[in-house]
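Here is the structure we will look at.
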Amino acid sequence: MGSRTLRQALLLAGLLSPASPAIADKLTINGIDGGDRVVVLVHARTAPGAGGCELMEATRSTGELSLGNLLPGCEPWIAILSKKNRMLLAKPAWTDDANDQRSVTLKPVIDVPVRVWIVKPDARDEATDHMAKANLLFEQNRVGVEFKPTYRRVTGEAVEAIEQGFRVDDDKSMHCQNLRRVQQSGFYERGALNVYYSNNGGTGKICAKKRDGGDPNIIYIGTFANRATLAHEFGHAFGLRPGDEGGHTENDPAFTDGNIMNTDGKGRRHHFSAGQVFRMNTHDDEFNGTMLIKNGQRDRTGRKCPPLKTNAVCPPLEADWDRP
Amino acid sequence: MRLIRRLTSASPLTISLLLATATVLLPSTVLATNGAGRLSEEEAVRAARELARWLAVDCEDGNLMRVTRYKQAIVADLIGALEKGAASDQLELVRREAEASYMELKRHRWEVASTMDVYVKRDVDNFAAQYRARAAQALAAIGGPDARAALEAILAKAGKGEVQIREDVRRAIELFLSKAK
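Order-wise, the sequence lines are chains A and B.
Under my numbering, read the first sequence as residues 62 to 385, first letter to last.
Under my numbering, read the second sequence as residues 22 to 202, first letter to last.
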């Protein structure tokens, strides 16, 4: 309490800037791999009274961060996004004391098993290239995961069962169907992302919708896919869906056509916002949420944050940090 | 309709510029019409934008309806897209971007299986294939005698070798035709 009084006195006397790190709550981030300047999102009470709770502007850090005097209350949380570590979500308690010291330790990046099933002949190299692109994009955007693929050729009767799972419906749109046959084809692994390189014309499709059988672990890549299609579908698998409820970004002026969840089809897509990265790591709801939680790669401390929901525990989808 | 044609063949980089001036360029005599009535200038510009977007759309979830709602008003432009395919400047842009992407991947540790030539050609060819297939898909969804005739004609031309269409695109067009209204 004494330090707070001192801080107030110094502020009143004009001897201390409000942002001065001299007296401030501090966050120490341990275990940053690769010398990254991690991205830190902080939601906390920064001022007393109504309106005092806020998501602070995203900041960068190499390990030590001054946060000003964060106050108690407001369901405080911190998310740390790193290139070489998994996203950390912590709920530190702050006090009235302006010298709170908090420390967190980042864990290694999450290895995400991906089973790539090659139906289309000669698609192995294409799949490898798409996976490389997805890994690069997810690293650059600090999602905190690394895709670990295995590749296997689909043979026998399973070919037909799998190809029938991704068809043009009577409304002329591509839909997933008969997913049980796909799941029982012998070319499917429960608890992993299953990607099928199909002979069918089309770009990419995640089979998450209930009308399609509802399995976000099934992704089809058609013969028209571009190099960013797989990364886009992984975004859907990690909870950025449905497309028309914020999973796609082309109708939101806060996003450019460089966003990976833009449907405009360009291979040039390269960007996830911090709000998207946050959801890919935390979104958990009755529609399966992110497969990182559903498949057991993250613990169930997620929160119900579909793309368009913003509140004290869900940052805006467009929340971001200054690039690079 | 002339404006819509220009937009569908324009480089993505020029589309926004064209759209910005669309209301000035679009004379009332070329406004698209259909059986359901005439599109206003504003609707025609919006239709052009949706059409250009659709032909390059990656994840189609919910997007088909956004273009087929213009019904017969955009059929002529879809037929043009089906017959002519993607414009050379669009393909050149895809090529340049794919080259840059390949070089970026090589600078990082991620395993790339293809040579740059293969990597780039795949993206360019797939974009061209997708462009025609999306046109066929929308035509099938809108339906009508002109749309059906166009789908049948492109298949016939492909059969005679008068137009080069990739096998998966031909199969897609056949499939869409079989489901056309």
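No residue lacks a Cβ here, since even glycine has one placed at the ideal position from N, Cα and C.
Remember, predicted model here, so these are calculated numbers, not experimental data.
- If you draw a straight line from the Cα of Thr317 (chain A) to the Cα of Ala119 (chain A), it is about 19 angstroms long.
- For His309 (chain A), the nearest beta carbon of chain B is closer than 8 angstroms to its own beta carbon.
- Shown here, Met235 (chain A) sits in a strand according to DSSP, grouped into three states.
- Residues of the stretch 268-302 of chain A that bring their beta carbon within less than 7 angstroms of a beta carbon in chain B comprise Thr284, Phe285, Ala286, Asn287, Arg288, Thr290, His293, in sequence order.
- Looking at the DSSP output, Asn255 (chain A) shares a beta bridge with A:Arg176, A:Ile279.
- Under the three-state reduction of DSSP output, Glu207 (chain A) falls in the strand class.
- With respect to chain A, the C-beta atom of Ser135 (chain B) has a partner C-beta closer than 8 angstroms.
- Cβ-Cβ distances below 7 angstroms link Tyr249 (chain A) to Val243, Asn255 in the same chain, with the five nearest sequence neighbours on each side left out; the list follows chain order.
- Interface residue (Cβ-Cβ distance to chain B less than 8 angstroms): Glu221 (chain A) is not classified as such.
- Within the stretch 174-189 of chain A, Arg185, Asp186, Glu187, Thr189 place their CB atoms closer than 8 angstroms to a CB of chain B, listed in sequence order.
- At a beta-carbon threshold of 7 angstroms, the residues of chain A lying near Gln158 (chain B) are Lys233, ordered along the chain.
- Collapsing the DSSP output to three states places Glu115 (chain A) in a strand.
- Chain A has no Cβ within less than 8 angstroms of the Cβ of Ser61 (chain B).
- Within chain A, the C-beta atoms nearer than 7 angstroms to that of Arg143 (chain B) come from Glu187, in chain order.
- Membership of Gly265 (chain A) in the beta strand (DSSP E) is indicated by the continuous run 265-267.
- For Asn196 (chain A), the chain B residues whose C-beta falls within less than 8 angstroms of its own C-beta are Trp131, listed in chain order.
- Against chain B, the beta carbon of Thr264 (chain A) has neighbours under 9 angstroms at Val78, Asp79, Cys80, Glu81, Asn147, Gln151, listed in chain order.
- The alpha-carbon of Gln358 (chain A) is positioned some 22 angstroms away from that of Leu378 (chain A).
- For Lys145 (chain A), the CB contacts under 7 angstroms within the same chain, skipping 5 residues up- and downstream, are Asp94, Gly95, Asp97, Val170 in chain order.
- The beta-carbon of Lys200 (chain B) is placed less than 8 angstroms from the nearest beta-carbon of chain A.
- Taking 7 angstroms as the upper bound on Cβ-Cβ separation, chain B lies near no residue of the stretch 344-362 of chain A.
- Any Cβ of chain A closer than 8 angstroms to the Cβ of Glu120 (chain B) would place that residue at the interface, and such an atom is absent.
- Among the residues facing chain B, Ala193 (chain A) is included, as its CB has a counterpart in that chain under 8 angstroms away.
- Val338 (chain A): not part of any beta strand (DSSP E); member of the alpha helix (DSSP H) spanning 335-343, first to last residue.
- Beyond the five residues adjoining it in sequence on each side, Arg116 (chain B) comes within less than 7 angstroms, by CB distance, of Val141, Val145 in the same chain, given in chain order.
- DSSP, reduced to helix, strand and coil, places Leu60 (chain B) outside both helices and strands of the structure shown, so it counts as coil.
- Glu125 (chain A): member of the beta strand (DSSP E) spanning 125-127, first to last residue.
- At least one beta carbon of chain B lies nearer than 8 angstroms to the beta carbon of Gly304 (chain A).
- A:Thr324 is the residue among A:Ile354, A:Arg330, A:Thr324 whose C-alpha sits nearest the C-alpha of Glu71 (chain B).
- Residue pairing from DSSP places Val103 (chain A) in a beta bridge opposite A:Ile139.
- In the three-state scheme derived from DSSP, where H, G and I count as helix and E and B as strand, Arg288 (chain A) is classed as coil.
- Ranking A:Arg228, A:Asp161, A:Asn349, A:Asn342 by CA distance to the CA of Gly205 (chain A) puts A:Asn342 first.
- With a contact defined as Cβ atoms closer than 8 angstroms, Leu197 (chain A) and Leu103 (chain B) miss out at about 35 angstroms.
- Contact of Asp325 (chain A) with chain B is assigned, a C-beta pair being separated by under 8 angstroms.
- When C-alpha distances from Asp86 (chain A) are compared across A:Ala105, A:Val100, A:Val99, A:Glu347, the shortest belongs to A:Ala105.
- The alpha-carbon separation between Glu200 (chain A) and Trp131 (chain B) amounts to approximately 11 angstroms.
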